[in-house]
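Counted from 1, the sequence shown has number 116 at position 116 by the UniProt record's numbering; the numbering is strictly sequential.
For each residue, glycine too, the CB sits at the ideal point set by N, CA and C.
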Amino acid sequence: MSHSQLEMLTGLAKDARDQAGKLLAHERQTEQQTASQLQSLSQYRAEYAERLQKAMSEGIDPATMYNYQQFLASLDAALSRARQALIAQQQRVQQSQQHWQQEQRKLSSYDTLATRRLSEEHRRLERHEQKTNDDLVTGRLARQRNEKPH
Numbered sequence: 001m002s003h004s005q006l007e008m009l010t011g012l013a014k015d016a017r018d019q020a021g022k023l024l025a026h027e028r029q030t031e032q033q034t035a036s037q038l039q040s041l042s043q044y045r046a047e048y049a050e051r052l053q054k055a056m057s058e059g060i061d062p063a064t065m066y067n068y069q070q071f072l073a074s075l076d077a078a079l080s081r082a083r084q085a086l087i088a089q090q091q092r093v094q095q096s097q098q099h100w101q102q103e104q105r106k107l108s109s110y111d112t113l114a115t116r117r118l119s120e121e122h123r124r125l126e127r128h129e130q131k132t133n134d135d136l137v138t139g140r141l142a143r144q145r146n147e148k149p150h
């Protein structure tokens, strides 16, 4: 694999990791919104149940009681759906987190490969320079020996 191919793969991996990060951030934001909605709905249900208790203590006709109970039942159903939505969203966050981690590992692998390639290139250049210097020294010593009278 050439240096430019490795750079291209690294760039693609960075883009994929960044996209996964954006998706993860979006999923986390949606999770927070879903949790907030669930909390608000729970609070509203508690307040409405409190109103029913107050109305019952003051005396309430059966039709109004039935309406309160029906509305509380619909709130309970909405709460159940909201809890399920939150669980599903938490799973999407977890999946997005795993996807981001996978993309990060891929990018790290390419970075490691690029670092190794660079180190190998430096070692190769150092060996070449050492060989060139050795050849120069050997050539100089040979010339010095040839120039000395025997």
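Check whether the Cβ atoms of Arg17 and Glu103 lie closer than 7 Å to each other.
-> If you number the sequence shown from 1, residue 17 lands on position 17. If you number the sequence shown from 1, residue 103 lands on position 103. Yes, these two residues count as a Cβ contact at 7 Å.
Leaving out the 5 sequence neighbours to the left and right, which residues in its chain are closer than 8 Å to Thr64 when beta-carbon positions are compared?
-> The count along the sequence shown starts at 1 and reaches residue 64 at position 64. Correct list, in chain order: Ala55.
Residue range of the alpha helix (DSSP H) that includes Ile87 = Here residue 87 refers to the residue found at position 87 when the sequence shown is read from its first residue. Start and end: Pro62 to Glu147.
So Arg117 and Leu6 are in contact, right, with Cβ under 8 Å, and what is the actual spacing, rounded?
-> Locating residue 117 in the sequence shown gives position 117, where the first residue counts as 1. Locating residue 6 in the sequence shown gives position 6, where the first residue counts as 1. Correct: roughly 7 Å between the Cβ atoms.
Helix, strand or coil at Ser4 according to DSSP, with G and I counted as helix = Against the sequence shown, residue 4 aligns to sequence position 4. DSSP places Ser4 in helix when its eight states are reduced to three.
Is it the case that the CB of Ala55 approaches a heavy atom of the ligand GDP more closely than 6 Å?
-> In the structure on display, the ligand GDP does not appear, and there are no ligands present to speak of.
Would you mind giving the Cβ-Cβ distance between Ala85 and Leu41, rounded to the nearest angstrom? I have them listed as a contact below 8 Å.
-> To locate residue 85, count along the sequence shown from 1; it is residue 85. To locate residue 41, count along the sequence shown from 1; it is residue 41. About 11 Å separates the two Cβ atoms, so there is no contact after all.
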